[in-house]
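Contents: one structure, followed by commentary.
2 protein chains.
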Amino acid sequence: MALKGILGFEHGIVQAPLGPDISGPELVAAVANAGGIGLLRCPDWECPDYVREMIRKTKTLTDKPFGMGVVLAFPHELNVKTILEEKVAVLQLYWGECSKELVDDAHSAGVKVVPQVGSVEEARKAVDVGVDAIIVQGHEAGGHVSGKDGLFSLLPRVVDLVGECDIPVIAAGGIVDARGYVAALSLGAQGVCLGTRFVATHESYAHPIYKRKLIEYEKTEYTDIFGRARWPGAPHRVLETPFFDDWRSLPSHENEVDQPVIGRSTIHGVEKEIRRFAGTVPNMTTTGDLESMAMYAGQSVGLIKEILPAGEVVKSLVEEAQLLILKKFNNVA
Amino acid sequence: MALKGILGFEHGIVQAPLGPDISGPELVAAVANAGGIGLLRCPDWECPDYVREMIRKTKTLTDKPFGMGVVLAFPHELNVKTILEEKVAVLQLYWGECSKELVDDAHSAGVKVVPQVGSVEEARKAVDVGVDAIIVQGHEAGGHVSGKDGLFSLLPRVVDLVGECDIPVIAAGGIVDARGYVAALSLGAQGVCLGTRFVATHESYAHPIYKRKLIEYEKTEYTDIFGRARWPGAPHRVLETPFFDDWRSLPSHENEVDQPVIGRSTIHGVEKEIRRFAGTVPNMTTTGDLESMAMYAGQSVGLIKEILPAGEVVKSLVEEAQLLILKKFNNVA
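Below, the structure written as structure tokens:
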């Protein structure tokens, strides 16, 4: 049976931790209630009380297990300590080395550790420190993308590396529908992780204008023009909006620091000014010139045609994958 | 039945036309004899007599149908006329617009037209002029690559575009084994096109040192440093050999014209000097500093572990795809 769950969850469908606060309690609970793996996104600064509050709020919305994603490039020690105290089901990690000590601490707390990697080398390091699953992110993915290889190339190599270890490999990047899900299973994945598809849901905390652009636009670009000062050396994939097209050749010495303020947001409870070229996508609270803000999206955004309830995304993936398999592969023997 | 053939061939497995002369009569006949679609590579200059000779030589090695690939960026009118006169089964086209007139001429000669595209826009134009199938090339592919999107993103969008047209869509880029074949079928392809995997065969006309490097190296890069003067604006994917690593930042104003001669090859019957940074891979006749020559390869080269007979590549793809489908998807219902 190909469509079994992983890590104790009903389905092997992971909702990516969407920054800075797009995958909040409502989205995560909706995914969890549908049997998927919902991941809150931890703030990029130390705020353990707020982290605890996010987790507890999510627990009021679902009885199912869920997790939280942490970007290791930012301060996170106190936040991780709180995440482990609150015993979420999964600690997802990205953009930094996942240490043996961290894995051991998480396991002592009964929390599973799932790093996202962009290369075979990173996957090897993750296996060596005893992680519970690996998310393999292809270059197709939206948001911050560390690797250069597409899923067709990277995924089977990581699957071969993991071999008989009994560590599920989860495919991320460019997957939005059942075709991508079944393709990932064919390449050896046991689960799939979707980002852009879950931004475009009723429950995501993205601003309606950002959601609408995910439906309207078909093209993306891999760039480093957003958020250079705050997170240097972190290329990302964004929608080719008119703003991006106008500024795609931003000289390398320029960044968001000296740019004009173009809007305001409350992000994880903190009021912030948004400068032009900040790496911050518009959330539900954002005001100002939203059209000129970063709009992260994966290469498959052209396949997303409507804003759906998040639970329906999970349900459709499972049901349509079963139909696709029956239709395409039932008579091969 | 998913693993049916396309375009009248036994299997939907296409051997890419490998330049400049790597997919010669021996390789193409071996693929054809195994039931795949073998494609000769037409020279990049007008030489109709030589083209006729190549086709006729191939016909002495196989009774099965085969085709020829033409790069439209180079002079080709007389060559195409000859290809149609010789009535090969398939005319494959790349890197240029496939006109309605050309499609009509080919159809009048009983020749099927199969362009390779790198974007949805190109696919739309191809459908509009009445082609017989479309090869969709993902960014993962080796050699010259026109598009930026990976197969997970580009392939289903082209499949959706083609819709009910009854035009097979063939996936190219990063596919080397049955996992990639089944993944491509899952995303809606009816066939797959493999390049690097067929360079690494007994029958390919690649130099043994080039074949050996395909086994030894795992990493590739998308670049434009090779063959800039001869074919400007044509980025390509190559192995990350030590030569490439040393020179990856070649200034944009430099090209092969003023570089030293580093070797010699006979290419399609013509003796040529190979200058440093030429776009020419070493073939069986090449002498000189082969280590410093261009070595095209796709992102999945790390999955290629041995040089195989080309017929065995075709046979294994079919047999292992059937096994994979039975093992993974037999109990989904």
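In order, the protein sequences belong to chains S and C.
Just so you know, the first sequence maps onto residues 1 to 333 in our numbering.
Just so you know, the second sequence maps onto residues 1001 to 1333 in our numbering.
No residue lacks a Cβ here, since even glycine has one placed at the ideal position from N, Cα and C.
This one's a predicted model, so the numbers in the text were calculated from it and none came from an experiment.
Annotation: Lys1272/C to Leu1027/C spans about 23 angstroms, alpha carbon to alpha carbon. Across the stretch 170-185 of chain S, CB contacts with chain C closer than 8 angstroms involve Gly173, Gly174, Ile175, Asp177, Arg179, Gly180, Val182, Ala183, Ala184, Leu185, in sequence order along the chain. With a contact defined as Cβ atoms closer than 8 angstroms, Leu1187/C and Ala183/S qualify at about 5 angstroms. Within the stretch 175-206 of chain S, the runs of beta strand (DSSP E) that reach at least 3 residues and sit entirely inside it are, in chain order, 191-194.
Using a Cβ-Cβ cut-off of 9 angstroms, Pro1020/C is close to nothing in chain S; its nearest Cβ partner there is about 25 angstroms away. Annotated as proximal: Gly1302/C and Arg157/S, with beta-carbon spacing under 7 angstroms. Scanning its chain for C-beta atoms nearer than 7 angstroms, with the 5 sequence neighbours on each side dropped, one finds around Val1103/C the residues Val1113, Val1129, Gly1130, Val1131, in chain order.
Boundaries of the beta strand (DSSP E) around Tyr1222/C: 1220-1223. Taking 9 angstroms as the Cβ-Cβ cut-off, the stretch 150-167 of chain S approaches chain C at Gly150, Leu151, Phe152, Ser153, Leu154, Leu155, Pro156, Arg157, Val159, Asp160, given in chain order.
Val1332/C belongs to the set of residues whose beta carbon lies under 7 angstroms from a beta carbon in chain S.
Runs of alpha helix (DSSP H) with 4 or more residues, each lying fully within the stretch 6-61 of chain S, are found at 25-33, 48-61, listed in chain order.
Residue contact check for Gln322/S against chain C: a CB pair falls below 7 angstroms. Scanning chain S for C-beta atoms nearer than 7 angstroms to the C-beta of Ile1325/C yields Phe329, Val332, reported in chain order. For the C-beta of Gln1299/C, the chain S residues within less than 7 angstroms are, from N- to C-terminus, Asp149, Gly150, Ser153.
At a C-beta separation below 8 angstroms, Glu271/S has no neighbours in chain C, since its nearest C-beta there lies roughly 37 angstroms away. Between Asp1224/C and the set Glu1218/C, Glu1254/C, Tyr1210/C, the nearest pair of CA atoms involves Glu1254/C. Around Glu140/S, the beta-carbon contacts reaching into chain C at under 8 angstroms are Asp1149, Gly1150, Phe1152, Ser1153. The residues Ala1034, in chain order, have a CB closer than 8 angstroms to that of Lys1315/C in the same chain once the five nearest residues on each side in sequence are set aside. Within 10 angstroms of the beta-carbon of Val1257/C lie fewer than 16 other beta-carbons, which makes it exposed.
In this structure, Ala200/S lies away from Leu317/S, with their beta-carbon atoms at least 7 angstroms apart. For Gly143/S, there are no neighbours in chain C by C-beta distance under 9 angstroms, as the nearest C-beta there is about 15 angstroms away. Fully enclosed beta strand (DSSP E) runs of no fewer than 3 residues occupy 1067-1071, 1090-1094, 1112-1117 of the stretch 1060-1123 of chain C, in order along the chain. Proximity of the stretch 1056-1075 of chain C to the stretch 1006-1025 of chain C meets the contact definition, three or more beta-carbon pairs being nearer than 8 angstroms. Here Leu1326/C is exposed. Its C-beta has fewer than 16 other C-beta atoms within 10 Å.
Within the model, the alpha-carbon separation for Tyr1217/C versus Gly269/S is close to 49 angstroms. Around the beta carbon of Arg1212/C, a 10 Å sphere encloses fewer than 16 other beta carbons of the protein chains shown; the residue is thus reported as exposed. When the five nearest sequence neighbours on each side are left out, the beta carbons in the same chain lying within less than 6 angstroms of the beta carbon of Pro115/S are those of Leu93, Cys98, Ala126, Val131, in order along the chain. Ile1209/C counts as exposed, since fewer than 16 other beta carbons sit within 10 angstroms of its beta carbon. Between Pro251/S and the set Arg228/S, His236/S, Arg237/S, the nearest pair of CA atoms involves Arg228/S. The beta carbons of Leu1155/C and Ala1171/C sit closer together than 7 angstroms. Partner residues in the beta bridge of Asn1283/C, as assigned by DSSP, are Ala1206/C. Comparing C-alpha distances from Ser1300/C to each of Cys42/S, Gly150/S, Asp49/S shows the shortest one belongs to Gly150/S.
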